[in-house]
Structures are given as C-alpha cells and as structure tokens.
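Q:
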Ligand SMILES: CC1=C(/C=C/C(C)=C/C=C/C(C)=C/C=O)C(C)(C)CCC1
Ligand SMILES: [Fe+2]
C-alpha cells in the first residue's frame, strides 16, 4: 500500500515513450494533464495525510497512436521552502507545520490572530483549471499556480483574492460551452458576512499591455449568505445545469474560530472540520441569468457530499446526482497511517458511498397541499414534500449502492483487474459524437504488483471494452484530477476541457470515484 500512497515518487522529466498494445483511435490526439500528491516526506519530516503531499504534475501525450509520459513536481513556494529547509515548513490539510520553532511563539500567535485566517499553502495538488489560454494547478485555498501544460514548468503564483473576495475556492470548476470557467468559493467575514460566492472567468478577453489575463475579468454573478457567520459549510464541488447552479450547504462545516487558533494550538486544518449530524443539508439553486437564488427553502437529510456527478433540467425540475456519505469520515481514511493493509476493510466499515438523485421543482405551487409530493417526473422516484412556510423536504432516489450491501436495479458496467488502482476516469467525446457516450474513457492505472508496469487505459465509453493500454516504464503516481487538452487542430467542440456534459441524463452508471 505504501507503493501507492506513502512513498515519494521520482520525477520523469524527459518524455518516455510507452509500449502500446491494442489501438488508440486516430482521432484521439492531445494531452491528458493530471495532478496529485507525489512527495510525502521531506528530510526527516513526514506529512500525516495523503492530501498533504507535494503536487506532482504528469502528462500523457497521445499522438498518432503513441503515448509519451512525463512528470514534474510543482515548484510552489511551499515546495521551494520545504526543499530549502529540508523539512516541512508549510502547513497542509492534515499537517500543521511550525516554520521556525526558535522564533518567539507569542509574536507568531499575535500575527496569526490579527489576521483571523492565516496564509494558506500554494501546494496546488488537486486539479488543473483552464482559464482562456492559460492552465493552472489548483487546490482549495486562495492560491492557484500557473503552469506550462507542455513542459509542466511552474509559472506565476496567483492569489484569487486579487480578483474575487474568496479565501477558499473549489478545485472542481465547471466550463460552459464557450469555455468560460464557473466556480465557487467561500468568502470568510468579508464585510462581516460569511458567504459562498459564484464567479465566472471568461474564456476570451481583450489584450492589455501585460497580455491577456482572463482572471482580471472575473465576474461575481451570485452569492449565498452562509447560515452561520463562523461555521460555513465545506464543499469540494457543486452542480451546474444550463441555467442554474446547485449548491449544497451541508452539515460538514469549517469552524473559523478553530482555524484562527489552529496554529497556536498546534493542530491541523482537518481538525477544524466537523460533521453535525443534527443539522440538515440545505439545497440552494441559483439562477445563472439573474444571479438570484430560487426562493423556496429546499432541504434534505444530513449527508456529506464531495462530488457532484451530473445535473440537468427536466420539465420544470432541476435534477442532480451526487455521491453521498453518511458522515465526514472519508477524509479520515486518507491519513497515511490508515492507508495500510487494512485500507479496504477500513473503507468498508466507515464510508459507504451511495449515488443519490435529487429532484427539485423550480416553481413550487403555493397551493400544493402540505405533505404532497411536488415532483411530477416519471423518470425518477426522487420526491420533494411540501411543508409549511415555503419549505420543501427532498428525498432522493437511490441510484447506486455498493452491490455487496444491496443489489442495485440499474444497468451497471464495470471493468477491473486485480492489484490495479485506477485514477479518476476521464471521458473524451469523439468528433461528431451523436450519443452522449460516443467517445473514450482514459484512466491512469498503477499497480501494487511489482511485476506490472503502470499504464494508461483507453476504454470505449459505450461498451467499456478495452481499446488500448500504454504501459509506462517509469514511476507513475496515483493522482486526483486533471483534464484532456485536445491538440489545437481538433474541432471547436473539443476545445473546452473534457468533462461530464451537465445537461443530459446518463443512461448507465459506473462505480463512483472519490
Ligand atoms: C490546505 C487547506 C485546506 C485544504 C483542503 C484540501 C487539500 C482538500 C482536498 C480534498 C480532496 C483531494 C478531495 C477529494 O475528493 C482547506 C480544508 C480547504 C482549508 C484550510 C487549508
Ligand atoms: Fe475531487
């Protein structure tokens, strides 16, 4: 298990050509660019959590049926400071570092308290974001790091706060058909108000003396006031349909007071997150055209969602699918100490994900009877029960549950191989695709079997049959997220980074990735 999670990975600076078996479709030309933790110890010091690891970028360039692999550590300020000190000096999600133990602890305490929210890490290890022509490595703090998608070199450090008042931002932006970025972030106590901010970074912008910078044109088009000033919800993603944003204000919350004193108490950021099982999950729907939230107060039972899967509009309803957990223990599982032989057993016991479909009516009939179901869709059994005072209680349809626990009633395609650890699968539509699943799925796979090289798997998206695999004779790390950059001569539809099409109903469901 240490091979997969705990061990530091070597960079592969020179592109290495993979051994391809099978046939990669000739239309698939471009680069799969991905991000994830690669270094877990610095000198004698160790990170505690898998999400703390220093960002290692890697890419699989697919050209004329061949695949070339390379990787490079993100030279973040965090990476440079750690390397210089030969120990961990910057705090991450699960590790609180003390930069200089010799310094007067009281002066440090004062400086941190006076800022409420300390300066966060720029170890952008979670995803890659495309802004206009630029690519950024991202995490969930206010920092993103510009990178060169070809050479994987690290460029400018960018502070979101220069463009939009957010202290945290998701690493799961959406892209509209024009390639504009839609993202959400949390603004902590700006003008005494903690809020969730929805912003757009345009894909095309005019050039000024310093060139083109889409971030300078960031536009806030909506915000939701947090139910609580000092404990905003934590969220890792959100949903988007053609006209709406879906935001879950879930009872998995950050405690701002705890965060402001974490450093002096010597505890990590993760300890400032807590699940409040007595609370509800509030469902906010914001109209992208007006920036206004739908006034009905939709809520659901307490749950913890990291990944939204799909969202679409159907017959006056907004339907969205999420992978939900019963509590916040998933992040607990990723402490390196828990990523041992018992990992599979631990994950079975603590965190059982289910794929849930919710449906909310966009316009609730004021005269509907209290207790009646206001969702009238034939396509789902999800319900929304009208209550008093504009409140609507939403009950999901269970789309998928671990088959070892209960048999699912949907069509499920699975593909697997022993000892193999797949990274998040990424769908690339084929040019001129007619059906939503006309295309291929890419996944980088690492193995715990020392005899087996890591490989890039190419699956037909419709049938899940293997088209090709490209074995790489270099170290490949298990990563988190990324995107596919089609070669410049691809058609216009392919220019936006590949991701799930948000506005269509999926007709098959695969086991979720967390
Ligand atoms: C550093 C830092 C954070 C980092 C969170 C991270 C790094 C989360 C990673 C989540 C992943 C990878 C989820 C996968 O499903 C917080 C808590 C936002 C706020 C405090 C500072
Ligand atoms: Fe994610």
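In this note's numbering, the protein residues as written are 14 to 527. Glycine is no exception: its CB is placed at the ideal position from the N, C-alpha and C atoms. Treat the numbers as computed from the prediction; the structure is a model and nothing was measured.
(1) Does DSSP classify residue 330 as helix, strand or coil?
(2) Report the rounded CA-to-CA distance for residue 212 versus residue 475, giving the unit in angstroms.
(3) Does ligand 2 have a heavy atom nearer than 7 angstroms to the CB of residue 250?
(4) Please state whether the Cβ-Cβ distance between residue 403 and residue 309 is less than 8 angstroms.
(5) Could you give the residue range of the alpha helix (DSSP H) that holds residue 271?
(6) For ligand 2, any of its heavy atoms closer than 7 angstroms to the Cβ of residue 491?
(7) Quick check on the burial criterion: 16 or more other C-beta atoms within 10 angstroms. Buried or exposed for residue 253?
(8) According to DSSP, simplified to helix, strand and coil, what is residue 499?
(9) Determine whether the beta carbon atoms of residue 369 and residue 343 lie at a separation below 8 angstroms.
(10) For residue 160, which residues from the same chain have a beta carbon less than 8 angstroms from its beta carbon, with the 5 sequence-adjacent residues on both sides left out?
(11) For residue 90 and residue 55, I'd like the C-alpha separation in whole angstroms.
(12) Closest to residue 25 by C-alpha separation, out of 77, 170, 40, 83, would be which residue?
(13) Near residue 16, which residues of its chain fall below 7 angstroms by C-beta distance, leaving aside the five closest residues on each side in sequence?
(14) Tell me the DSSP bridge mates of residue 237?
(15) Could you work out which residue in 275, 266, 298 is closest to residue 289 when comparing CA atoms only?
(16) Kindly identify the DSSP beta-bridge partner or partners of residue 301.
(17) Among 223, 241, 96, which one has its Cα closest to the Cα of residue 263?
(18) In the DSSP assignment, the alpha helix (DSSP H) including residue 93 goes from what residue to what residue?
(19) Measure the CB-CB distance between residue 374 and residue 329 and report whether it falls below 8 angstroms.
(20) Output the distance between the C-alpha atoms of residue 468 and residue 439, rounded to the nearest integer angstrom.
(21) Secondary structure at residue 30, three-state DSSP: helix, strand or coil?
(22) Would you mind reading off the limits of the beta strand (DSSP E) that contains residue 244?
(23) Mind checking whether residue 181 and residue 192 have CB atoms under 8 angstroms apart?
(24) Going by C-alpha distance, which of 20, 35, 219, 317 is nearest residue 484?
(25) Given the structure, does residue 181 come close to ligand 1, in the sense that its CB is under 7 angstroms from one of the ligand's heavy atoms?
(26) Can the beta-carbon of residue 489 be found closer than 8 angstroms to that of residue 459?
(27) Please report the distance separating the alpha-carbon of residue 385 from that of residue 283.
(28) Inspect the beta-carbon positions of residue 195 and residue 257 and report whether they are closer than 8 angstroms.
(29) Please classify residue 285: does DSSP put it in a helix, a strand, or coil?
(30) Measure the alpha-carbon distance for residue 518 versus residue 323 and round it to whole angstroms.
(31) Helix, strand or coil for residue 101 per DSSP?
(32) Give me, in chain order, the residues of the same chain whose beta-carbon lies closer than 7 angstroms to that of residue 120; leave out the 5 immediate sequence neighbours on both sides.
(33) So residue 457 and residue 487 are supposed to be a Cβ contact under 8 angstroms. How far apart are they, rounded?
(34) What's the call for residue 186, buried or exposed, on a 16-neighbour Cβ count within 10 Å?
(35) Let me make sure I understand the geometry here. Which of 214, 409, 413, 389 has the alpha-carbon closest to that of residue 228?
A: To lay it out plainly:
(1) The count along the chain shown starts at 1 and reaches residue 330 at position 317. In the structure shown, the three-state DSSP call for residue 330 is strand.
(2) Here residue 212 refers to the residue found at position 199 when the chain shown is read from its first residue. Here residue 475 refers to the residue found at position 462 when the chain shown is read from its first residue. C-alpha separation (whole angstroms): 34 angstroms.
(3) As a position in the chain shown, residue 250 is number 237, starting the count at 1. Yes.
(4) Within the chain shown, numbered from 1, the residue matching residue 403 stands at position 390. Within the chain shown, numbered from 1, the residue matching residue 309 stands at position 296. Their beta carbons are under 8 angstroms apart, which means residue 403 touches residue 309 by this criterion.
(5) Looking up residue 271 in the chain shown gives position 258. Element bounds for residue 271: 269–278.
(6) Walking along the chain shown from the start, residue 491 turns up at place 478. Not one heavy atom of ligand 2 sits closer than 7 angstroms to the Cβ of residue 491.
(7) As a position in the chain shown, residue 253 is number 240, starting the count at 1. It counts as buried.
(8) Sequence index remark: in the chain shown, residue 499 carries index 486 (1-based). The answer is strand: DSSP assigns residue 499 an E or B state.
(9) One-based indexing of the chain shown puts residue 369 at position 356. One-based indexing of the chain shown puts residue 343 at position 330. Their beta carbons are not under 8 angstroms apart, which means residue 369 does not touch residue 343 by this criterion.
(10) In the chain shown, residue 160 corresponds to position 147, counting from 1. Excluding sequence neighbours, residue 160 sits near 70, 87, 141, 148, 149, 150, 166, 167, 168.
(11) To locate residue 90, count along the chain shown from 1; it is residue 77. To locate residue 55, count along the chain shown from 1; it is residue 42. Their Cα atoms are separated by approximately 15 angstroms.
(12) To locate residue 25, count along the chain shown from 1; it is residue 12. Checking every option, the nearest Cα to that of residue 25 belongs to 83.
(13) Within the chain shown, the letter at position 3 stands for residue 16. Result list for residue 16: 461, in chain order.
(14) Taking the chain shown and counting its residues from 1, the one referred to as residue 237 is at position 224. Note: residue 237 sits in a beta bridge opposite 209.
(15) As a position in the chain shown, residue 289 is number 276, starting the count at 1. Measuring from the Cα of residue 289, the nearest candidate turns out to be 266.
(16) The sequence position of residue 301 within the chain shown is 288, counting from 1. In the DSSP output, where bridge partners are listed per residue, residue 301 has none listed.
(17) For the purposes of this step, residue 263 is taken as the residue at position 250 of the chain shown. A check of alpha carbon separations from residue 263 across 223, 241, 96 identifies 241 as the nearest.
(18) In the chain shown, the residue the question calls residue 93 occupies position 80. Here the alpha helix (DSSP H) through residue 93 covers 90–98.
(19) Counting from 1 along the chain shown, the entry for residue 374 is found at position 361. Counting from 1 along the chain shown, the entry for residue 329 is found at position 316. Yes.
(20) As a first step, residue 468 is located in the chain shown; it is residue number 455 there, counting from the start. As a first step, residue 439 is located in the chain shown; it is residue number 426 there, counting from the start. Distance between the alpha carbons of residue 468 and residue 439 is about 15 angstroms.
(21) The residue given as residue 30 occupies position 17 in the chain shown. Three-state result, residue 30: strand.
(22) In the chain shown, counting from the first residue as 1, residue 244 sits at position 231. Following the DSSP letters along the chain, one finds residue 244 in no beta strand (DSSP E), marked with neither H nor E.
(23) The count along the chain shown starts at 1 and reaches residue 181 at position 168. The count along the chain shown starts at 1 and reaches residue 192 at position 179. For residue 181 and residue 192, no; Cβs fall outside 8 angstroms.
(24) Position 471 of the chain shown, counted from the first residue, corresponds to residue 484. With distances taken between Cα atoms, residue 484 lies closest to 35.
(25) Here residue 181 corresponds to residue number 168 of the chain shown, with the count starting at 1. It does: the Cβ of residue 181 is within 7 angstroms (strictly closer) of some heavy atom of ligand 1.
(26) As a working mapping, residue 489 is identified with position 476 in the chain shown. As a working mapping, residue 459 is identified with position 446 in the chain shown. Cβ distance < 8 angstroms, so residue 489 and residue 459 count as in contact.
(27) Taking the chain shown and counting its residues from 1, the one referred to as residue 385 is at position 372. Taking the chain shown and counting its residues from 1, the one referred to as residue 283 is at position 270. Computed Cα separation, rounded: 41 angstroms.
(28) Indexing the chain shown from 1 puts residue 195 at position 182. Indexing the chain shown from 1 puts residue 257 at position 244. Cβ distance not < 8 angstroms, so residue 195 and residue 257 don't count as in contact.
(29) In the chain shown, counting from the first residue as 1, residue 285 sits at position 272. Helix at residue 285.
(30) As a position in the chain shown, residue 518 is number 505, starting the count at 1. As a position in the chain shown, residue 323 is number 310, starting the count at 1. No answer about residue 518 holds up, because its pLDDT of 32 lies below 50 and its placement is not dependable.
(31) Here residue 101 is taken as the residue at index 88 of the chain shown, counted from 1. If DSSP states are grouped into helix, strand and coil, residue 101 belongs with coil.
(32) Sequence index remark: in the chain shown, residue 120 carries index 107 (1-based). Confidence at residue 120 is low in this model, with a pLDDT of 46, below 50, so its placement is unreliable and the value that follows should be read with caution. Cβ within range, chain order: n/a, list empty.
(33) Taking the chain shown and counting its residues from 1, the one referred to as residue 457 is at position 444. Taking the chain shown and counting its residues from 1, the one referred to as residue 487 is at position 474. Contact doesn't hold; Cβ gap of about 12 angstroms is too wide.
(34) Taking the chain shown and counting its residues from 1, the one referred to as residue 186 is at position 173. The residue in question, residue 186, is buried, as its Cβ has 16 or more Cβ neighbours within 10 Å.
(35) Within the chain shown, residue 228 is the residue found at index 215, counting from 1. Ranking 214, 409, 413, 389 by Cα distance to residue 228 puts 214 first.
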